[in-house]
Amino acid sequence: CALVRDENTRRFVEAHSGLKPEIVCDPTILWPVDRYGEECEDPYVRKHNCLLVYSYGLSKKEIREIRSYAKKKHLKTVSCCFPNRWCDHQVECGPLAFSSLIRQCREYYTSTFHGTIFGLLNHAKFVCSTEHPKTLHLLQQFGLEDRLLRKENFSADALADIFSRRIAYKKVDRIVLQMREQSGQKLEEAIRLAVRTGQDDKPDEKA
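As numbered in the numbering used here, the sequence shown has no gaps in its residue numbers, which increase by one up to the final residue, 228.
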């Protein structure tokens, strides 16, 4: 039994092991965000309309275009977890308060897999810029390929175009619930199989 989180990994495991792995959702999707429980108490974020940047390794062009877009929209750029010192403000925020921070910000830019997941779970108005197969597969699962901004097309105007599009979060929520149910069943089956296998492998005490 093999369980993986994305299509690219599924193909890799199948090609190199002969197993037929099944896709389950990332553990961060299994846990409802309202159970994290902590609030981000940052006065700067509460005072201003903010564009949250959860990303690293941005090029000079990407930084310039993000700042240009934020200026046009009268948004303050804030960064969390990664030291993007070009942003207007750095937020000190623990992992359990991250969802609260996303919800408090007007818009949200990310380039990471888990950043995209938390954007979806918190109904963020978000843009994702990545070439990572795992994140691309995640967007495909939710039918949100139009939230993707390719590196070669990166501009303030492209950001404005994507941010202007509405996200059908009722559909997203339905998919999340389906993923949780299906993944939970597969994980329970895998655990039961592992327990049975472990019991079968025990030496016979009478031998």
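Every residue, glycine too, gets a C-beta built ideally from N, C-alpha and C.
Beta-carbon gap between residue i and residue j smaller than 8 Å
i    : j    : result
I138 : I50  : yes
Y130 : L73  : yes
V99  : C126 : yes
E20  : K146 : No answer is possible for residue 20: the residues shown for the chain start at 22 and end at 228.
Q162 : I196 : yes
K207 : E43  : yes
V112 : L96  : no
L24  : V54  : no
S176 : E86  : yes
Y90  : A211 : no
K172 : N29  : no
H153 : F134 : yes
L239 : C22  : Residue numbering for the chain in the displayed model covers 22 to 228; residue 239 lies beyond these limits and cannot be assessed.
Counterpart residues of residue i in DSSP-defined beta bridges
i    : result
S100 : V74 and Q111
V148 : Y130
L24  : E43
L229 : Residue 229 falls outside the range modelled here, since the chain spans only 22 to 228, and no answer is possible.
L51  : Its beta-bridge partners do not exist; DSSP assigns none.
M169 : Correcting the residue identity first, residue 169 is Leu in this sequence and not Met. Its beta-bridge partners are C149.
Proximity to residue i [Cα-Cα], best of the options
i    : options                  : result
G136 : F103, E113 and S185      : F103
R106 : V54, C22, G78 and N143   : G78
S80  : K68, Q220, S132 and N70  : S132
V193 : G140, K155 and N174      : G140
P48  : E202, N29 and I87        : E202
L117 : W52, G219 and R171       : W52
C101 : F119, R171 and T218      : F119
D178 : T156, E83, H144 and N143 : E83
R88  : C108, S76, N70 and Y75   : C108
R32  : H158, K94 and K68        : H158
C114 : S185, N174, E35 and Y57  : Y57
S185 : H69, V148, L40 and R213  : V148
Buried versus exposed call for residue i [16 or more other C-beta atoms within 10 Å across all chains shown]
i    : result
S204 : buried
D27  : buried
Y65  : exposed
L198 : exposed
V216 : exposed
R187 : exposed
D63  : buried
T218 : exposed
L142 : buried
S38  : exposed
S76  : buried
S150 : buried
CB contact check: residue i to chain B, cutoff 8 Å
i    : result
E210 : Looking for chain B here will not work: only one protein chain is present.
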